[in-house]
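J.: Protein chains in written order, with my numbering: chain D, 1 to 750; chain L, 751 to 1500.
Every residue, glycine too, gets a C-beta built ideally from N, C-alpha and C.
Number of protein chains: 2
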Amino acid sequence: MLVAQTSKLTTFVNPFIGTQNAGHTFPGATVPFGSVQLSPDTDTIPMLVNGQYQKDVYRYCAGYQYEDSTIVGFSHTHFSGTGHSDLGDILLMPTNGPIQWNPGTESHPEKGYRSTFHHEKERASPGYYSVFLEEPMVDVKLTTSERVGIHQYQFKQPKDNQVLLDLCHGIYNYSDKNVWCFVRLENDTLITGYRQTNGWARTRTVYFAISFSKPIQQYGFKNTKATAYNGFWRKFDVENNFPEAAGEGIKGVFSFGEEVELMIKVSLSSVSIDGALLNLTTECPHWDFDQYAKSAEAKWNESLNMIQAEFLTSEEKTTFYTSLYHSLLGPTLYMDVDGQYKGLDQRIHKANGFTNYTTFSLWDTYRAQHPFLNLMLPAMNADMIQSMLAHYDQSAHHMLPVWSHYANENWCMIGYHSVSVIADAMVKKNTGFDYQRAFEASVTTSNQRFYEGLGAYQDYQFVPEDLSGNSVSKTLEYSYDDWCISQMAKQLKSDSLFSVYQKRSEYYQHQFDSSIGFMRPRFSNGNFKKDFDVLSTHGQGFIEGNAWNYSLYVPQNPKNLISMMGGDKRFIAHLDSLFTMELPDRYFAETEDIMRDGIIGNYVHGNEPSHHVPYLYNFTSEPWKTQACTRMILPKQYKAKPDGLGGNDDCGQMSAWYLFTSLGFYPIAPGSPDYAITSPSVKHAILHFTDGKQLEIKVNKQSAKNMYLQSIHLNGVPVDKAFLTHSEITNGGVIEITMGPKPNKGLFQP
Amino acid sequence: MLVAQTSKLTTFVNPFIGTQNAGHTFPGATVPFGSVQLSPDTDTIPMLVNGQYQKDVYRYCAGYQYEDSTIVGFSHTHFSGTGHSDLGDILLMPTNGPIQWNPGTESHPEKGYRSTFHHEKERASPGYYSVFLEEPMVDVKLTTSERVGIHQYQFKQPKDNQVLLDLCHGIYNYSDKNVWCFVRLENDTLITGYRQTNGWARTRTVYFAISFSKPIQQYGFKNTKATAYNGFWRKFDVENNFPEAAGEGIKGVFSFGEEVELMIKVSLSSVSIDGALLNLTTECPHWDFDQYAKSAEAKWNESLNMIQAEFLTSEEKTTFYTSLYHSLLGPTLYMDVDGQYKGLDQRIHKANGFTNYTTFSLWDTYRAQHPFLNLMLPAMNADMIQSMLAHYDQSAHHMLPVWSHYANENWCMIGYHSVSVIADAMVKKNTGFDYQRAFEASVTTSNQRFYEGLGAYQDYQFVPEDLSGNSVSKTLEYSYDDWCISQMAKQLKSDSLFSVYQKRSEYYQHQFDSSIGFMRPRFSNGNFKKDFDVLSTHGQGFIEGNAWNYSLYVPQNPKNLISMMGGDKRFIAHLDSLFTMELPDRYFAETEDIMRDGIIGNYVHGNEPSHHVPYLYNFTSEPWKTQACTRMILPKQYKAKPDGLGGNDDCGQMSAWYLFTSLGFYPIAPGSPDYAITSPSVKHAILHFTDGKQLEIKVNKQSAKNMYLQSIHLNGVPVDKAFLTHSEITNGGVIEITMGPKPNKGLFQP
């Protein structure tokens, strides 16, 4: 029995990975699954200068771009890796000199409160971020607890030192999402209030409490947006030491004169100001910054040690642990310390018997992120399912979440992949939620008619393109989701519903045009679309993928897919071509959310629909090609540098793919207990499961060239199929693998 | 001992009194001090047509003008008698035919959802309102419980019958106060949501639950205001049977097809949707409209029977009971059935041990409305004081309310007259609140410096006009308020603070210019303002009054005022002139909030600062002039018809003046236990106090001509001063008065 020794794995995490270009990660401080992500924003909303938007706002989904030279300030909520933007709440910025109410621009930082900075004086590690702001001359250190952001400012000059609070600041595609702000000076060290926005979350309020370590000497609030008449604005000097302000565009400035040391604690709540105060006093009672930072680091070390892995290179190790770090950023905790949270119905609920989470990017995360959590943190994954069921209970549409965050359904992307997360947990015997209730919610969700061609899908057994766009992607994903529901029905011995959903899980067949060997859009009259471009992503019935990629989306039944596509050899040829063909630039230009190097041949790793594709060789006579393929993808798509991610990390999905793949197995069809085996890139790893069991992965003769599995033994018994079951992995023990430079073509052959 | 028999006094209430021109009352349904005032709005916000505002929005403070020919719909919250506007929440309107989302205009009602109506088919009585809407052909009946509005619609045609919900509708000076709306279809008979506004209440949210007696057959929500991008609005048919909507400008329509009978219950809460649902199920569990209407009427009859009064004419009786009705409309109940309410700090509070109220128009109501409640409903008045103290506890400014409504301080008018209400209750031995806590809140309030020249007042012993406008009014009212605090200090035996506030109560003397015999603005250099017009209301250092009226504002010490103004004879001459002089029209034009007939000579009864003035004769050698004067004012200023009020009813203050005066006594200086005696207009009255005691007022030889008191006996003992104390009144018994056509000049003489 190996004894787990906790090592300081935080040193192998580089939070800057993915912060350049399309990764859309943030470098700031947070704890695992923390509510607060306290991070520098280098730009956020689009700024219109001379009729031109100065920044491509899409790049600022996480608020930060590594190439930028200025920091606007530090805000408390950030998505990790999304392709759509929101959040960026409650910005603070230390300043001095004359008050500047606006951030200014990167090219003219002196015209606003932002500051230049250099990466040499910037540092990030799990739970910690620091930077030197050059204009105000301030050393900034940040850390967090679950619900509180903690700032430490060291001003280098004892003069006119201030902190600016910008409640207008936010991250979003459109420049103005503020609906309302309210702020009060409770006493000379405490500010409370809320910010209400209409962003990607349609209706959202963040309540806050801001506690300062030193007394505010002077202060002012300003409403920077026109508002309906309020007589009293004429009566009083409301911008100087007037202790309350409300309006659409509130900002504030707090002066600390010659004070040079200042700590600030910013607590958030979705419930109320009282909730924020309760979170503040419960989580952060003292003023010892280093202790908070140590506590955050300790939480990360404990989490990261769930997998102790060694690699050939330190770059690989950093990539692995940064992937693990990114996989543990979400879904995020979404409730006050007393369990209260604002629900989808905009009412206050209490999470009874579970921890409530938000930010479910399910079209992405059902693939590998939730299976990873289900494997390594099953109780937490069950709580996430309970959070989805609470969403269902609160849904006026009677649907499980599609893409939900902060008590809002934003309906992004397609499918109803909550059912995949549920089915996966059920077949893997995760007992942390009510199966019958989850099954009923899944069935009801799948029978809605208003949603994205789902009514037509039930009527036509496919989604007609004339009735609902991106129709093929929808049919394929609905079929997979229905297969997931069939697996629940099987578990629950509901024969009649098993039949219904088994049948629905085969509807993908109705999209296949055998005359060309591709999935192809059809119309409600049954005809296939005539003009059809199998390489194009736009207008061809697909979303974030073309027919070459998406035609392979039958994770629930690859064998039938292979048969439909002409059998083993023709299918292998399709896969081989996918990875090697030249995709003309004009097609790349259509591909969303990724950089040029997010594509390998015509295989788009930077988007999700093909994440299972490299593993499809395992269903053919040439399973060693999966091994070559994933060993090729790993270093190409994941690099230990700021621009190391070829596409959005998508709330941990890209990272979870890395984790599974580098460990040598992948859940290509969540809802099945099977993992497809590939060539691991680890030299050695121990997985510590939460029930105390552990799995050791010993890899002999690991090297960059030795990319092929020669043999694989589980607890001494040779593995003769290209798959491992969930229980084989979680029962623990030792997987011993020997690698070689050439395929062992006899391995996994019947 | 007289036995109280409850008579049907509701028949003597005409809710239309004051609905024409400046009374600003509403005719709709409500219960005593009810949270919900469900009333027709004939117009509300200004409509810009061809560059001209089509309606004078000031006329629509209560949403209704008697001369109008159309009704826009029925909204659930209304001020009674204010001179500034707000509320008008959650408008419903029965319609049929093609959906019209906008109200249209009075001149073109067919262009909107509004309808014409005629007064012949309109009826209003306490707790009940009905009208026939001509275009949709609907008989509408309305009643309420405390927190729920109840609608009954009888459609005359069984076709396309609908109910329109307009969450944009509201009452306000500016056309657009909506901040945000959220609405959900919970099931086919229940809608929930909230409306958030930035009106006179700066930041306010009304949560609602709307329950229908019949299932909604089809429905739609529409966002009529541009909003930040929300992708899903493109994905779904969000305007047809889509069960959730959020945005700045939400409206909804609910179709009931051929149903002709429909009941709707609309519950409100300041706390949450759950609060609204709790109020709904607690107060209105059944669907029997008549029972709700009977219950509302019964509450009114019980309340109105607190005073059983007989008059010479039925018009006088109607005027009296309508005044009593208007006096019992506010302050209004402001908490859910479980005691929760949103406080000034925008947090949820629970009223522990008291009932919480809102809408404190204190500059008006401290004069007679609160003294009236303190006399007749002392426990309720104590709860109102507790509500003020809760406001104080929640105030970032550490001030008692000035003019507060719905968890907002709107800072309207001047003074800190909460202290008057508190002092009056204390000197009259109202034990329903904590004296020490109330005293401390009063002292702290009076020592703020930011407020309306109050810092300068403390420094200069008057408010210099160059530092704060309307300076004389402020000095005079602060002096009176400080006298009130001195009376609290006396009660609490705080000698040092008694001295402080006694001294401050004399600061009014610093505004008196003995060279002209008027109060006069001074500058911070001590000089009086040179160009000074004693008749003008604007720019002369006064607000809602000129020097002729306001110079008499020393209610705390009329004797010293008389002495300052040159003694008994010169003072009497000043008063005589006030009531008889001709005020040129140009001066009237400057006078706010009243109609031409709100002025008698130069005495402005339609505004409040002179309400005590007719009683000042009691401090002179000619007290019988008070009697002639009030008997002259009563019929001139109060008539039993829609335009019967000469000025805003001001949340019951004008009505409370009527009640006291017609009963023959008036609290000219709240904070003193004394009431000034005048000639009653009642023939006979019994006041039923809440402790079971009662006071009978027997008036012999009462007639229009017999306006002078000949004799007055309290329980058989002659009254020899022109004043009665609070205990003399509340100890009960019989006041026997004999009237005559000429003054008994010996009465009340020393």
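1. Just the Cα atoms here: how many angstroms apart are SER819/L and LEU914/L?
2. Taking the Cβ atom as the reference point for each residue, do LYS1448/L and MET1489/L lie within a distance shorter than 9 angstroms?
3. Who are the near neighbours of PHE762/L in its chain, counting only those whose CB is closer than 7 angstroms to its CB and skipping five residues on each side?
4. Are the beta-carbon atoms belonging to SER895/L and VAL1010/L less than 9 angstroms from one another?
5. Using a Cβ distance threshold of 8 angstroms, determine whether the region 1002 to 1009 of chain L contacts the region 1036 to 1051 of chain L, with at least three qualifying pairs required.
6. Report the neighbours of LYS235/D on chain L: residues whose CB is nearer than 9 angstroms to its CB, in chain order.
7. Just to make sure I have the definition right: I need the residues of chain D whose C-beta is within less than 7 angstroms of the C-beta of HIS1288/L. Which are they?
8. List the whole-angstrom C-beta distance separating TYR207/D from SER272/D, where the pair is believed to meet the contact cut-off of C-beta under 8 angstroms.
9. Only counting the same chain, and skipping five residues up and downstream in sequence, which positions put a Cβ closer than 6 angstroms to that of HIS1148/L?
10. Starting from LEU704/L and walking both ways along the beta strand (DSSP E), at which residues does that stretch end?
11. Across which residues does DSSP place ASN187/D in a beta bridge pair?
12. Taking only three categories from DSSP, how would you classify MET751/L?
13. Cα separation between THR205/D and ARG952/L?
14. Please state the DSSP three-state secondary structure of HIS901/L.
15. Using a Cβ-Cβ cut-off of 9 angstroms, state whether TRP930/L counts as contacting chain D.
16. Which residues does DSSP list as the beta-bridge partners of CYS181/D?
17. GLU302/D touches chain L at which residues, Cβ-Cβ below 7 angstroms?
18. Looking at the secondary structure, which residues open and close the beta strand (DSSP E) in which LYS141/D lies?
19. Are the region 624 to 637 of chain D and the region 687 to 695 of chain D in contact at 8 angstroms, needing three or more beta carbon pairs?
20. What does a CB cutoff of less than 7 angstroms around TRP101/D pick up in its chain, not counting 5 residues either side in sequence?
21. What does PRO204/D pair with, by DSSP beta-bridge criteria?
22. For the region 384 to 406 of chain D, enumerate the residues whose C-beta is nearer than 8 angstroms to any C-beta of chain L, in chain order.
23. Answer yes or no: does any C-beta atom of chain L fall closer than 9 angstroms to that of ASN241/D?
24. If we define contact as Cβ-Cβ less than 9 angstroms, is THR358/D a contact residue for chain L?
25. Closest Cβ-Cβ distance between ARG198/D and chain L: below 9 angstroms?
26. What's the gap between the Cα of ASP274/D and the Cα of ARG1097/L?
27. Does DSSP classify THR1082/L as helix, strand or coil?
28. Could you work out which residue in GLU465/D, ASP585/D and ALA628/D is closest to TYR708/D when comparing CA atoms only?
29. Given a cut-off of 9 angstroms on the beta-carbon distance, is the pair VAL1016/L and LEU837/L in contact?
30. If you pair each beta-carbon of the region 757 to 771 of chain L with each one of the region 723 to 733 of chain D, do three or more pairs fall below 8 angstroms?
31. Considering only their Cβ atoms, is the gap separating ILE966/L from THR939/L smaller than 9 angstroms?
32. Note down, in chain order, every chain D residue with its Cβ under 9 angstroms from the Cβ of THR1032/L.
33. Can you tell me where the alpha helix (DSSP H) holding TRP363/D begins and where it ends?
34. If I measure Cβ to Cβ from PHE498/D and keep anything under 8 angstroms in the same chain, skipping five residues before and after, which residues do I get?
35. Can you check whether the C-beta of ALA996/L is within less than 9 angstroms of a C-beta belonging to chain D?
36. Does any residue of chain D bring its CB to less than 9 angstroms from the CB of ASN1481/L?
T.: If we stick to the structure as given:
1. By 1-based counting over the second sequence, the position of residue 819/L is 69. By 1-based counting over the second sequence, the position of residue 914/L is 164. A direct Cα-to-Cα measurement between SER819/L and LEU914/L gives close to 20 angstroms.
2. Residue 1448/L sits at position 698 when you count from the first residue of the second sequence. Residue 1489/L sits at position 739 when you count from the first residue of the second sequence. Not a contact, by the Cβ cut-off of 9 angstroms.
3. As a working mapping, residue 762/L is identified with position 12 in the second sequence. A distance below 7 angstroms between beta-carbons, with the five flanking residues on each side excluded, links PHE762/L to the following residues of its chain, in chain order: LYS1067, THR1068 and TYR1071.
4. By 1-based counting over the second sequence, the position of residue 895/L is 145. By 1-based counting over the second sequence, the position of residue 1010/L is 260. Going by C-beta atoms, SER895/L is not nearer than 9 angstroms to VAL1010/L.
5. Too few Cβ pairs lie closer than 8 angstroms, so no.
6. Here the question's residue 235/D lines up with position 235 in the first sequence. At a beta-carbon threshold of 9 angstroms, the residues of chain L lying near LYS235/D are TRP1161, TYR1201 and GLU1202, ordered along the chain.
7. In the second sequence, counting from the first residue as 1, residue 1288/L sits at position 538. Simply none; closest approach about 16 angstroms.
8. Reading the first sequence from its first residue, position 207 is the one you call residue 207/D. Reading the first sequence from its first residue, position 272 is the one you call residue 272/D. The pair is a contact, with the Cβ atoms about 6 angstroms apart (cut-off 8 angstroms).
9. Locating residue 1148/L in the second sequence gives position 398, counting from the first residue. Cβ contact annotation for HIS1148/L (same chain, cutoff 6 angstroms, sequence separation greater than five): THR1194, in chain order.
10. Summary: the structure shown does not reach residue 704/L, with chain L confined to residues 751 through 1500, and so no result is reported for it.
11. Counting from 1 along the first sequence, the entry for residue 187/D is found at position 187. Partner residues in the beta bridge of ASN187/D, as assigned by DSSP, are LEU190/D.
12. The residue given as residue 751/L occupies position 1 in the second sequence. In this prediction, MET751/L has a pLDDT of 37, which is less than 50 and means its spatial position is unreliable; what the coordinates show is noted afterwards. Three-state DSSP puts MET751/L in coil, outside helix and strand.
13. Here residue 205/D refers to the residue found at position 205 when the first sequence is read from its first residue. Here residue 952/L refers to the residue found at position 202 when the second sequence is read from its first residue. Their backbone Cα atoms lie some 17 angstroms apart in a straight line.
14. Taking the second sequence and counting its residues from 1, one reaches residue 901/L at position 151. Strand at HIS901/L.
15. Taking the first residue of the second sequence as position 1, residue 930/L is located at position 180. Taking Cβ atoms only, chain D reaches closer than 9 angstroms to TRP930/L, which makes this a yes.
16. Position 181 of the first sequence, counted from the first residue, corresponds to residue 181/D. Answer by DSSP bridge pairing, in chain order: ARG195/D and GLY247/D.
17. Here residue 302/D corresponds to residue number 302 of the first sequence, with the count starting at 1. Chain L residues near GLU302/D: none, gap ~36 angstroms exceeds 7 angstroms.
18. The residue given as residue 141/D occupies position 141 in the first sequence. First-last of the beta strand (DSSP E) with LYS141/D: 138 to 144.
19. Contact annotation: the region 624 to 637 of chain D does not touch the region 687 to 695 of chain D, with fewer than three C-beta pairs closer than 8 angstroms.
20. On the first sequence, residue 101/D is found 101 positions in, with the first residue counted as 1. Shown here for TRP101/D: same chain residues with a beta carbon closer than 7 angstroms to its own, the five before and five after excluded, namely LYS222, THR224 and LYS251 in chain order.
21. Residue numbering aside, residue 204/D sits at position 204 when the first sequence is read from its first letter. The amino acid occupying residue 204/D in the given sequence is Arg; Pro does not appear at that position. Answer is THR197/D, bridged to ARG204/D.
22. Flagged, chain order: ALA396 and HIS397.
23. Position 241 of the first sequence, counted from the first residue, corresponds to residue 241/D. Closer than 9 angstroms: yes.
24. Counting from one through the first sequence, the residue named residue 358/D turns up at place 358. Look at THR358/D: its C-beta is not under 9 angstroms from any C-beta on chain L.
25. By 1-based counting over the first sequence, the position of residue 198/D is 198. One detail in the question is off: residue 198/D reads as Asn in this sequence, not Arg. At a cut-off of 9 angstroms between beta-carbon atoms, ASN198/D makes contact with chain L.
26. Position 274 of the first sequence holds residue 274/D. Position 347 of the second sequence holds residue 1097/L. Rounded to whole angstroms, ASP274/D to ARG1097/L spans 7 angstroms at the Cα level.
27. Reading the second sequence from its first residue, position 332 is the one you call residue 1082/L. Strand at THR1082/L.
28. In the first sequence, residue 708/D corresponds to position 708, counting from 1. Taking only the C-alpha atoms, the option nearest TYR708/D is ALA628/D.
29. Counting from 1 along the second sequence, the entry for residue 1016/L is found at position 266. Counting from 1 along the second sequence, the entry for residue 837/L is found at position 87. VAL1016/L is not a Cβ neighbour of LEU837/L, given a cutoff of 9 angstroms.
30. The region 757 to 771 of chain L makes no contact with the region 723 to 733 of chain D; the number of CB pairs closer than 8 angstroms stays below 3.
31. By one-based count along the second sequence, residue 939/L stands at place 189. By one-based count along the second sequence, residue 966/L stands at place 216. Annotated as proximal: THR939/L and ILE966/L, with beta-carbon spacing under 9 angstroms.
32. For the purposes of this step, residue 1032/L is taken as the residue at position 282 of the second sequence. None at all; the shortest Cβ gap to chain D is about 17 angstroms.
33. Indexing the first sequence from 1 puts residue 363/D at position 363. Looking at the DSSP string, the run of the alpha helix (DSSP H) that includes TRP363/D is 362 to 365.
34. Position 498 of the first sequence holds residue 498/D. Within the same chain, PHE498/D has close Cβ partners SER486, ALA489 and LYS490.
35. Taking the second sequence and counting its residues from 1, one reaches residue 996/L at position 246. By the rule that beta-carbons nearer than 9 angstroms mark a contact, ALA996/L touches chain D.
36. By 1-based counting over the second sequence, the position of residue 1481/L is 731. No, because no Cβ of chain D sits closer than 9 angstroms to the Cβ of ASN1481/L.
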